[in-house]
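Residue numbers (numbering that gives the first Met the number 0): 0 to 87. Written out below as structure tokens is the structure these notes cover.
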Amino acid sequence: MNGQDVPGFEVPLHRSLTEPILLGGAPRTVAIANGTLAAAVGLGLQLWIPGALLWGIGHALAVWGARQDAQFMSVFMRHLKHRALLDV
0 MNGQDVPGFE VPLHRSLTEP ILLGGAPRTV AIANGTLAAA VGLGLQLWIP
50 GALLWGIGHA LAVWGARQDA QFMSVFMRHL KHRALLDV
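Shown next, in the form of structure tokens:
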């Protein structure tokens, strides 16, 4: 194509289609699961300090993971699904 743009074959791509959905810097599903677990410990078991610590540490780890790799949870789930050694 000699590095030239072909008319009619170019489409604007919005950032919202390529970036993951984050909630407070953490992936949405991880943030919801972490908040639910922390709320169950904090409100359900009435262990306020462990619940707050669980949420804070869990959210910090999720934000760190999202900064390293935006799809770290899907990679982690795939890691759990596949065996460590593939027999050939």
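In this text, a Cβ means the ideal position worked out from N, Cα and C, and glycines have one as well.
What does the alpha-carbon distance come out to for the pair residue i and residue j?
i	j	result
Val163	Gln3	Because the chain spans 0 through 87 in this model, residue 163 falls outside it and cannot be assessed.
Met76	Pro6	42 Å
Gly50	Asp86	43 Å
Gly23	Thr17	18 Å
His81	Val74	11 Å
Ile48	Ala32	18 Å
Taking a contact to mean a Cβ-Cβ separation below 8 Å, would you say residue i touches residue j in this structure?
i	j	result
His58	Ala30	yes
Ala37	Leu21	no
Using a Cβ-Cβ cut-off of 7 Å (strictly less than) and excluding sequence neighbours within five positions of residue i, which residues of its own chain qualify?
i	result
Pro26	Pro19, Ala61, Ala65, Met72
Gly34	Trp54
Please go through the same chain and pick out, in chain order, the residues whose beta-carbon is closer than 8 Å to the beta-carbon of residue i, but skip the five residues on each side of it.
i	result
Leu42	Gly50
Return the chain-ordered list of same chain residues with a C-beta closer than 6 Å to the C-beta of residue i, the five sequence neighbours on each side being excluded.
i	result
Leu46	Val40
task = Run through the region 28-65 for me and flag every whole alpha helix (DSSP H) of 4 or more residues, listed as ranges in chain order.
result = none
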